[in-house]
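Student: Let me begin by handing over the structure; questions about it come next.
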Amino acid sequence: MTFPVVGMVGGGQLARMTHEAGIPLGINFKVLSDTPQDSAAKVVGEVVIGDYRDLDTLRAFAKGCDVITFDHEHVPTEHLRALEADGIPVRPGPDALVHAQDKGVMRARLTELGIPCPRHRIVADPADVARFAAEEAGGFPVVLKTVRGGYDGKGVWVVDSAEDAAIAQPFLAGVPVLAEEKVDYTRELAANVVRSPHGQAVAYPVVESIQVRGVCDTVIAPAPGLPGELGAAAQQLALRIAAELNVTGHLAVELFETTDGRVLVNELAMRPHNSGHWTQDGAITSQFANHLRAVLDLPLGDPRPRAPWTVMVNVLGGDYPDMYPAYLHCMARDPGLKIHMYGKDVKPGRKVGHVTTYGDELSEVRERARHAADYLRGTIDE
Numbered sequence: 002m003t004f005p006v007v008g009m010v011g012g013g014q015l016a017r018m019t020h021e022a023g024i025p026l027g028i029n030f031k032v033l034s035d036t037p038q039d040s041a042a043k044v045v046g047e048v049v050i051g052d053y054r055d056l057d058t059l060r061a062f063a064k065g066c067d068v069i070t071f072d073h074e075h076v077p078t079e080h081l082r083a084l085e086a087d088g089i090p091v092r093p094g095p096d097a098l099v100h101a102q103d104k105g106v107m108r109a110r111l112t113e114l115g116i117p118c119p120r121h122r123i124v125a126d127p128a129d130v131a132r133f134a135a136e137e138a139g140g141f142p143v144v145l146k147t148v149r150g151g152y153d154g155k156g157v158w159v160v161d162s163a164e165d166a167a168i169a170q171p172f173l174a175g176v177p178v179l180a181e182e183k184v185d186y187t188r189e190l191a192a193n194v195v196r197s198p199h200g201q202a203v204a205y206p207v208v209e210s211i212q213v214r215g216v217c218d219t220v221i222a223p224a225p226g227l228p229g230e231l232g233a234a235a236q237q238l239a240l241r242i243a244a245e246l247n248v249t250g251h252l253a254v255e256l257f258e259t260t261d262g263r264v265l266v267n268e269l270a271m272r273p274h275n276s277g278h279w280t281q282d283g284a285i286t287s288q289f290a291n292h293l294r295a296v297l298d299l300p301l302g303d304p305r306p307r308a309p310w311t312v313m314v315n316v317l318g319g320d321y322p323d324m325y326p327a328y329l330h331c332m333a334r335d336p337g338l339k340i341h342m343y344g345k346d347v348k349p350g351r352k353v354g355h356v357t358t359y360g361d362e363l364s365e366v367r368e369r370a371r372h373a374a375d376y377l378r379g380t381i382d383e
């Protein structure tokens, strides 16, 4: 019996956790990593060190793989088309993935499909930003985003005037700039779905995603107090986007819940996503396992939660590089706590792991996760 080989481009924590999910499935896993020190490169058996921007490197890596997938969106679109032309299954394919790579392309396509989005326009300079604010956004402030390359708050500016836009200097990044209205929202949500090549799809509960300085801090599953009809609408919206864009694999649709009771699409990610990490311990089938099932066109697993509430909190590096004593303390204090470390050197502000808790009472589940993440970082000591 020969089990398939999945090649994942990118050696970060998403590849590390996807590899872990593939072990009980018997799936062979291969990773293209920038350095031997990357998170996945430390644990995956077959590692190729190379530059994902080099087509020859990608072609060599793809040999022997049954499918290629990704833990980031940065592989040049033309390289993915070349791999497909070589007969290599690429999932998600370049025609889908470009909508996660390029925010301008994403906004244009979603608008064409009638998907609710913030008002937006590609802008050329600070004067154009001022025109957009006056003509379409209802005035300043507006949000500026580089169309490619931004993540975790990078490549994003909130500006209050054309002068602010000039100071922020997004136009010096060498890529087009997307201007968007600053949405009046109550919170951020995420709808995570998984779709296979033959069209089977599953939807996880819609979650609340709490950001701190542009970085995901806490995810609560399901989103507390979300009206049932709005949650169902968000799931259907994500499933529709996956189908219309022909996504294969995991799709995270980041959403704004507006003050007037609507949802607007903020961002798309076509890979396992931080807003889905809770599924490792809180769902019957994790986002990582279902992503692998999808790209191999296997039957998808049950996405239902195991408990009424699951909370995930990211662990960021603090001023104490040795987390191990704190790690031991958290395990002893809360035997039900799940700790996931990424094998990274601890640096201030760097994502080095996450914790998850689950149970029947949201306040208790949330306090346990928050305490563990803060203790690991060193912001509390009791």
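Just so you know, we're using our numbering here: the sequence shown kicks off at 2 and counts up by one. Note that the Cβ used here is the ideal one computed from N, Cα and C, for glycine as well.
#1: Taking only the alpha-carbon atoms, compute the straight-line gap between residue 25 and residue 293 and give it to the nearest angstrom.
#2: Report the rounded CA-to-CA distance for residue 1 versus residue 95, giving the unit in angstroms.
#3: Which residue's Cα is closest to the Cα of residue 77: 120, 196, 52?
#4: The alpha helix (DSSP H) with residue 243 in it runs from where to where?
#5: I'd like to know whether the C-beta atoms of residue 103 and residue 143 end up nearer to each other than 7 Å.
#6: Cutting at 7 Å between CB atoms, please list the residues of its own chain near residue 287, excluding the five before and the five after it.
#7: Check whether the stretch 200 to 207 touches the stretch 167 to 183, taking contact to mean three or more Cβ pairs, one atom from each stretch, closer than 8 Å.
#8: Take residue 67 and list the residues in its own chain whose beta-carbon comes closer than 6 Å to its own, dropping the five residues that flank it on each side.
#9: Could you check if residue 260 is buried or exposed, using at least 16 other CB atoms within 10 Å of its CB as the buried criterion?
#10: Taking DSSP's pairing of strands, which residues face residue 253 in a bridge?
#11: Pick from 290, 306, 307, 115: whose alpha carbon is nearest that of residue 300?
#12: Rounded to a whole number of angstroms, what is the C-alpha to C-alpha distance between residue 378 and residue 83?
#13: Helix, strand or coil: which one does DSSP assign to residue 306?
#14: Let me make sure I understand the geometry here. Which of 117, 367, 73, 235 has the alpha-carbon closest to that of residue 99?
#15: Any idea if residue 285 is buried or exposed, counting beta-carbon neighbours within 10 angstroms, 16 or more meaning buried?
#16: Keeping to the same chain, check which residues put their C-beta closer than 7 Å to that of residue 355; ignore five residues upstream and five downstream.
#17: Give the DSSP-derived three-state secondary structure of residue 24 in the structure shown.
#18: Measuring alpha carbon to alpha carbon, tell me which of 140, 195, 177 ends up nearest residue 298.
#19: Is residue 343 buried or exposed, if buried means 16 or more other CB atoms sit within 10 Å of its CB?
#20: Reducing DSSP to helix, strand and coil, say where residue 396 ends up.
#21: Using 8 Å as the cut-off, can you tell me whether the stretch 326 to 337 makes contact with the stretch 177 to 196, which would need three or more C-beta pairs spanning the two stretches below that distance?
#22: Run through DSSP, which three-state label would residue 78 get?
#23: What number of angstroms, rounded off, separates the C-alpha of residue 359 from the C-alpha of residue 116?
#24: Could you name the residues of the same chain whose beta carbon sits closer than 6 Å to that of residue 353, not counting the 5 residues immediately before and after it, in chain order?
#25: Run through DSSP, which three-state label would residue 32 get?
#26: State the DSSP-derived secondary structure class of residue 3, mapped to helix, strand or coil.
#27: Is DSSP giving residue 53 helix, strand or coil here?
#28: What's the gap between the Cα of residue 132 and the Cα of residue 185?
#29: To the nearest whole angstrom, what separates the beta carbons of residue 235 and residue 252, a pair I think is in contact under 8 Å?
#30: I need the straight-line Cα distance from residue 242 to residue 111, nearest angstrom please.
#31: Could you give the distance in angstroms between the alpha-carbon of residue 58 and the alpha-carbon of residue 322?
#32: Please name the residue, chosen from 75, 30, 229, that lies closest to residue 54 on a Cα-to-Cα basis.
#33: What are the uninterrupted segments assigned as beta strand (DSSP E) that are 3 or more residues long and contained completely in the stretch 90 to 175, given in chain order?
#34: Within 10 angstroms of its Cβ, does residue 139 collect 16 or more other Cβ (buried), or is it exposed?
#35: Per DSSP, residue 360 forms a beta bridge with which residues?
#36: Would a C-beta distance cut-off of 7 Å place residue 180 and residue 145 closer than the cut-off?
Tutor: Reading off the structure:
#1: Along the sequence shown, one-based indexing puts residue 25 at 24. Along the sequence shown, one-based indexing puts residue 293 at 292. Pairing residue 25 with residue 293, the inter-Cα distance amounts to about 12 Å.
#2: Past the boundaries of the shown model lies residue 1; the chain is included only from 2 to 383, so the question cannot be answered.
#3: Indexing the sequence shown from 1 puts residue 77 at position 76. Out of 120, 196, 52, 52 has the C-alpha closest to the C-alpha of residue 77.
#4: Reading the sequence shown from its first residue, position 242 is the one you call residue 243. Residue 243 -> alpha helix (DSSP H) spans 229 to 245.
#5: Position 102 of the sequence shown, counting from 1, holds the residue named residue 103. Position 142 of the sequence shown, counting from 1, holds the residue named residue 143. In this structure, residue 143 does not lie closer than 7 Å to residue 103 by Cβ.
#6: Here residue 287 refers to the residue found at position 286 of the sequence shown. Taken in chain order, the residues that qualify are 22, 280, 281.
#7: Two segments are said to touch when three or more pairs of C-beta atoms, one from each, lie closer than 8 Å; by this definition the stretch 200 to 207 does not touch the stretch 167 to 183.
#8: Residue mapping note: residue 67 aligns to position 66 of the sequence shown, counting from 1. Around residue 67: 5, 6.
#9: Position 259 of the sequence shown, counting from 1, holds the residue named residue 260. Burial state of residue 260 is exposed, judged by a 10 Å Cβ sphere holding fewer than 16 other Cβ atoms.
#10: In the sequence shown, counting from the first residue as 1, residue 253 sits at position 252. According to DSSP, residue 253 bridges with 193, 270.
#11: As a working mapping, residue 300 is identified with position 299 in the sequence shown. The residue with the shortest Cα to Cα distance from residue 300 is 290.
#12: As a first step, residue 378 must be located in the sequence shown, where it is residue number 377. As a first step, residue 83 must be located in the sequence shown, where it is residue number 82. Approximately 44 Å between the Cα atoms of the pair.
#13: Taking the sequence shown and counting its residues from 1, one reaches residue 306 at position 305. DSSP, read as helix, strand or coil, puts residue 306 in strand.
#14: Counted from its first residue, the sequence shown places residue 99 at position 98. The residue with the shortest Cα to Cα distance from residue 99 is 73.
#15: Along the sequence shown, read from residue 1 onward, the residue named residue 285 stands at position 284. Residue 285 is exposed by the Cβ-count criterion.
#16: Here residue 355 is taken as the residue at index 354 of the sequence shown, counted from 1. Excluding residues within five positions, the ones whose Cβ falls inside 7 Å are 278, 313, 314, 315, 316, 341.
#17: As a working note, residue 24 is residue 23 in the sequence shown. Coil at residue 24, not helix or strand.
#18: Within the sequence shown, numbered from 1, the residue matching residue 298 stands at position 297. For the residues 140, 195, 177, the minimum Cα distance to residue 298 belongs to 195.
#19: Counted from its first residue, the sequence shown places residue 343 at position 342. With a 10 Å radius around the Cβ and a threshold of 16 neighbouring Cβ atoms, residue 343 comes out buried.
#20: In the structure displayed, the chain extends from 2 to 383; residue 396 sits before or after that span and is not available.
#21: With the cut-off at 8 Å, the stretch 326 to 337 and the stretch 177 to 196 do not touch.
#22: One-based indexing of the sequence shown puts residue 78 at position 77. If DSSP states are grouped into helix, strand and coil, residue 78 belongs with the helices.
#23: Position 358 of the sequence shown holds residue 359. Position 115 of the sequence shown holds residue 116. Residue 116 has its alpha-carbon roughly 33 Å from the corresponding atom of residue 359.
#24: Taking the first residue of the sequence shown as position 1, residue 353 is located at position 352. So the list reads 316, 318, 343, 345, 347, once near-sequence residues are dropped.
#25: Here residue 32 corresponds to residue number 31 of the sequence shown, with the count starting at 1. In this structure, residue 32 counts as strand in the three-state DSSP scheme.
#26: Indexing the sequence shown from 1 puts residue 3 at position 2. Residue 3 falls in the coil class under three-state DSSP.
#27: To locate residue 53, count along the sequence shown from 1; it is residue 52. In the three-state reduction of the DSSP assignment, residue 53 falls in the coil class.
#28: Stepping through the sequence shown from its first residue, residue 132 is reached at position 131. Stepping through the sequence shown from its first residue, residue 185 is reached at position 184. In this model, residue 132 and residue 185 are separated by some 20 Å (Cα to Cα).
#29: On the sequence shown, position 234 is the one that residue 235 refers to. On the sequence shown, position 251 is the one that residue 252 refers to. Wrong, their Cβ atoms sit about 13 Å apart, outside the cutoff.
#30: The sequence position of residue 242 within the sequence shown is 241, counting from 1. The sequence position of residue 111 within the sequence shown is 110, counting from 1. One Cα belongs to residue 242, the other to residue 111, and the distance between them is close to 8 Å.
#31: Here residue 58 is taken as the residue at index 57 of the sequence shown, counted from 1. Here residue 322 is taken as the residue at index 321 of the sequence shown, counted from 1. Each residue's Cα considered, the two are about 35 Å apart.
#32: Within the sequence shown, numbered from 1, the residue matching residue 54 stands at position 53. Considering only alpha carbons, the answer is 75.
#33: Correct list: 121 to 124, 143 to 147, 157 to 160.
#34: Residue numbering aside, residue 139 sits at position 138 when the sequence shown is read from its first letter. With fewer than 16 other Cβ atoms within 10 Å, it is exposed.
#35: Within the sequence shown, numbered from 1, the residue matching residue 360 stands at position 359. Its beta-bridge partners are 310.
#36: Taking the sequence shown and counting its residues from 1, the one referred to as residue 180 is at position 179. Taking the sequence shown and counting its residues from 1, the one referred to as residue 145 is at position 144. Cβ atoms of residue 180 and residue 145: closer than 7 Å.
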